Every structure is written in C-alpha cells, then in structure tokens.
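Engineer: After the structure tokens below, expect a handful of questions from me.
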Amino acid sequence: MIRLTAELTPAGTSYLATGQGQPVVLIHGVGLNKEMWGGQIVGLASQYQVIAYDMLGHGASPRPASGTDLLGYADQLLELLDHLNLPQAAVIGFSMGGLVARAFALHYPERLQSLVVLNSVFNRSEEQRAGVIARTAQAAEHGPDANAEAALSRWFSREYQAANPAQIAALRQTLANNDPQGYLTTYELFATQDMYRADDLSSIQAPTLIATGELDPGSTPEMAEQLARRIPGAKVAVLPEQRHMMPVESPRLVNQMLLEFLQFAHSRQNHIKGIVA
Numbered sequence: 001m002i003r004l005t006a007e008l009t010p011a012g013t014s015y016l017a018t019g020q021g022q023p024v025v026l027i028h029g030v031g032l033n034k035e036m037w038g039g040q041i042v043g044l045a046s047q048y049q050v051i052a053y054d055m056l057g058h059g060a061s062p063r064p065a066s067g068t069d070l071l072g073y074a075d076q077l078l079e080l081l082d083h084l085n086l087p088q089a090a091v092i093g094f095s096m097g098g099l100v101a102r103a104f105a106l107h108y109p110e111r112l113q114s115l116v117v118l119n120s121v122f123n124r125s126e127e128q129r130a131g132v133i134a135r136t137a138q139a140a141e142h143g144p145d146a147n148a149e150a151a152l153s154r155w156f157s158r159e160y161q162a163a164n165p166a167q168i169a170a171l172r173q174t175l176a177n178n179d180p181q182g183y184l185t186t187y188e189l190f191a192t193q194d195m196y197r198a199d200d201l202s203s204i205q206a207p208t209l210i211a212t213g214e215l216d217p218g219s220t221p222e223m224a225e226q227l228a229r230r231i232p233g234a235k236v237a238v239l240p241e242q243r244h245m246m247p248v249e250s251p252r253l254v255n256q257m258l259l260e261f262l263q264f265a266h267s268r269q270n271h272i273k274g275i276v277a
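In terms of the UniProt record's numbering, the sequence shown is residues 1 to 277.
Here it is, written out as structure tokens:
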C-alpha cells in the first residue's frame with residue numbers, strides 16, 4: 001500500500017506525488033478528488049512519477065473565482081508543473097478532467113508529452129445536453145449531492161456497488177462534502193464546454209488516447225470516436241462491459257491500457273527526437 005502525504009503549491013493546489021521516471025499527471029472528474037486515482041497510483045508508480053491533484057473547487061484545493069473558464073483550470077495544471085519543475089508531462093484526464101486536459105493541450109502544447117482522455121464528453125446530443133443542464137439546475141438548488149444516487153447508478157455496475165458498499169458510501173460522502181459554489185462552477189463548465197475550441201483540436205500533435213467504457217451512458221463510445229477523429233493520429237479504446245468509473249471499478253484493465261499507451265507515446269517521442277537530431 002502506497003501511503004502519501006498531500007502537499008500544496010504556492011497557489012494552494014493540493015497534490016500527491018510518488019514514483020520516479022517520466023511524469024504522469026492525473027485529473028479527476030467533477031465532484032470527486034485526487035483520491036479516486038488510488039488504483040492508478042499503485043499501478044503506474046513503479047514505472048512513472050505519478051502526480052494526482054485536486055481540481056479547483058474540489059478536495060483541499062481553492063475555490064475557483066466566479067466566472068473561471070476552462071483556461072483557468074488549465075492554468076492550475078500549469079502552475080502545478082511549474083512548481084514541480086516539470087517542463088513536460090503526460091496528462092490523463094477523467095470525465096471533467098478530460099475537458100481540462102483538452103484545454104491544457106490546446107493552450108500549452110509545449111508542456112504536453114502525451115494526452116489521455118478517459119470517459120469524457122464530446123458533442124453531446126440535444127437530449128444529452130438537456131439532461132446535464134437539468135442536473136446542473138438541481139445541483140444549484142439542492143447542493144452537490146442532489147444527483148448522487150443517479151450518478152452512482154450511471155458510474156458503477158450494480159455488481160460492483162453491491163460488492164463494495166463501503167467504497168460507494170465513501171464516494172456518496174465525497175459528493176456531499178463538496179464546496180457548493182466550487183462544485184457548481186465546475187459542473188456548469190462540464191455541462192456546457194464539451195465542444196470547447198473543437199475546431200482547434202486538429203492542432204494537437206502529442207500522442208493521444210481517447211478511451212471510454214462500452215456501457216458508459218454519458219461518455220459514450222460514439223463520443224470517443226468523434227473526438228479522436230478531430231485529433232491527428234489519436235488512438236481509440238472502448239473497454240468491454242465497462243461503465244463510467246472504470247478507473248475505479250477495473251483498475252487493472254485500465255492500467256494495462258495506460259501502460260501500453262504511455263510506452264507507445266514514449267517510444268514515438270524518442271523516434272521523433274532521433275529524426276530531429
């Protein structure tokens with residue numbers, strides 16, 4: 001068991017860091033925090049320097065200022081990399097974290113080694129958009145845990161929920177404990193920014209993997225395929241029988257996919273460096 005002590009950047013971002021090697025940064029989803037990545041920290045830290053942090057408005061990180069946009073969330077990651085003296089990193093974003101990772105790739109391409117977008121949204125249908133806008137309104141009126149039961153049903157298989165009641169209860173508590181304003185600011189971006197600078201995605205040159213679960217109802221395989229088509233050379237992976245929270249429900253499966261991609265990305269970059277040299 002890896003036990004880590006959270007540290008803070010000068011701007012107040014709370015993060016965990018362990019392992020050695022190429023840096024890999026993990027960005028959680030809305031309503032969650034850096035603790036969701038326990039399975040990935042264990043699975044990746046033997047080969048990489050793994051860094052997980054709390055997004056603005058979540059965990060022990062500061063609340064975003066009113067009107068903060070996706071660039072503000074990308075700037076949080078930039079400040080973290082600067083604090084750790086890391087010129088580049090592989091960035092892995094889950095759900096809302098995938099939107100932040102995409103924004104970071106567009107605004108700070110020189111700092112990106114490779115990009116992984118897990119279980120994230122792109123080009124929602126009108127019906128999907130109406131559903132998430134309605135959930136935003138419920139969160140505004142009733143607080144961060146207004147949609148907790150419905151969310152957990154979307155996120156996990158019934159079998160996993162039944163077999164892991166303590167973990168599900170802890171996640172329910174995590175949702176309830178979110179700062180209401182920080183959660184709402186983030187959720188509003190999650191609800192509205194799936195097409196953020198979509199026409200510029202073709203400028204992303206870093207090795208990219210877009211992955212989701214076959215049974216993820218909110219971040220569908222079709223979304224993953226559409227997003228990957230916008231990014232030159234992007235790979236797509238759809239994990240069979242997986243729902244939204246596949247990094248938590250099936251960490252070994254997800255870690256195997258991540259390790260294979262990170263190795264591919266590193267080899268490709270070394271090849272490009274060799275050609276340039």
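Yeah, the Cβ is synthetic: ideal placement off N, Cα and C, and Gly gets one too. These figures come from a predicted structure and were not determined experimentally.
Do the stretch 128-140 and the stretch 208-215 touch if we need at least three Cβ pairs shorter than 8 Å?
Structural biologist: no
Engineer: In this structure, how does DSSP classify T186 when only helix, strand and coil are distinguished?
Structural biologist: helix
Engineer: State the DSSP-derived secondary structure class of G59, mapped to helix, strand or coil.
Structural biologist: Here DSSP, grouped into helix, strand and coil, assigns G59 to coil.
Engineer: Just to check my reading of the structure: Q242 and E214 have Cβ atoms closer than 8 Å, yes? What is that Cβ distance to the nearest angstrom?
Structural biologist: 6 Å
Engineer: Tell me the rounded alpha-carbon separation between A89 and K34.
Structural biologist: 17 Å
Engineer: So S61 and T13 are supposed to be a Cβ contact under 8 Å. How far apart are they, rounded?
Structural biologist: 5 Å
Engineer: So G29 and M96 are supposed to be a Cβ contact under 8 Å. How far apart are they, rounded?
Structural biologist: 5 Å
Engineer: Using 8 Å as the cut-off, can you tell me whether the stretch 221-241 makes contact with the stretch 121-130, which would need three or more C-beta pairs spanning the two stretches below that distance?
Structural biologist: Short answer: they touch.
Engineer: V100: which of H83, L84 and T68 sits nearest, CA to CA?
Structural biologist: Of H83, L84 and T68, the residue nearest in Cα terms is T68.
Engineer: Would you say the beta carbon of A137 comes nearer than 8 Å to a heavy atom of the ligand COA?
Structural biologist: This structure lacks the ligand COA, and indeed carries no ligand of any kind.
Engineer: In chain order, what residues of the same chain lie with their CB nearer than 8 Å to the CB of R268, ignoring the 5 residues before and after it?
Structural biologist: P207
Engineer: So, do the stretch 5-21 and the stretch 73-80 have three or more beta carbon pairs nearer to each other than 8 Å?
Structural biologist: Touching, yes, given that three or more Cβ pairs across the two stretches are closer than 8 Å.
Engineer: At what residues does the beta strand (DSSP E) containing T18 begin and finish?
Structural biologist: S14 to T18
Engineer: Tell me which same chain residues have a C-beta within less than 7 Å of the C-beta of L71, skipping the five on either side of it?
Structural biologist: Short of 7 Å from the beta carbon of L71, and not among the five residues preceding or following it, lie these beta carbons of its own chain, in chain order: A103 and H107.
Engineer: Quick check on this structure: which residue in G31, L56 and Q47 has the alpha carbon closest to the alpha carbon of L8?
Structural biologist: L56
Engineer: Taking the C-alpha atoms as reference points, what is the distance between I168 and Q113?
Structural biologist: Between the alpha carbons of I168 and Q113 lies a gap of roughly 34 Å.
Engineer: At 3 residues or longer, and completely inside the stretch 231-262: list those beta strand (DSSP E) runs for me, N to C.
Structural biologist: 235-239
Engineer: Are the stretch 145-160 and the stretch 254-269 in contact at 8 Å, needing three or more beta carbon pairs?
Structural biologist: no
Engineer: Under the assumption that Y48 contacts G21 (Cβ atoms under 8 Å), give the Cβ distance between them as a whole number of angstroms.
Structural biologist: With 8 Å as the limit, Y48 and G21 qualify as a contact, their Cβ atoms being about 5 Å apart.
Engineer: Can you tell me whether DSSP reads G43 as helix, strand or coil?
Structural biologist: Three-state DSSP puts G43 in a helix.
Engineer: On the CB-based measure, 16 or more other CB atoms within 10 Å of its CB, does R252 come out buried or exposed?
Structural biologist: Answer is exposed; the Cβ neighbour count stays below 16.
Engineer: What number of angstroms, rounded off, separates the C-alpha of Q40 from the C-alpha of V25?
Structural biologist: Spanning the two alpha carbons is a distance of roughly 11 Å.
Engineer: For D199, count the other beta carbons within 10 Å of its own beta carbon; 16 or more makes it buried, fewer makes it exposed. Which is it?
Structural biologist: exposed
Engineer: Taking P232 as the reference, give the member of L115, R63, F94 and A6 with the closest Cα.
Structural biologist: L115
Engineer: Taking the alpha carbon of G143 as the reference point, which residue from R111, A105 and L184 has its own alpha carbon closest?
Structural biologist: L184
Engineer: Between residue 325 and the rest of its own chain, which residues show a CB-CB distance below 6 Å, the 5 nearest in sequence each way excluded?
Structural biologist: No statement about residue 325 is possible, as the shown extent of the chain runs from 1 to 277 and does not include it.
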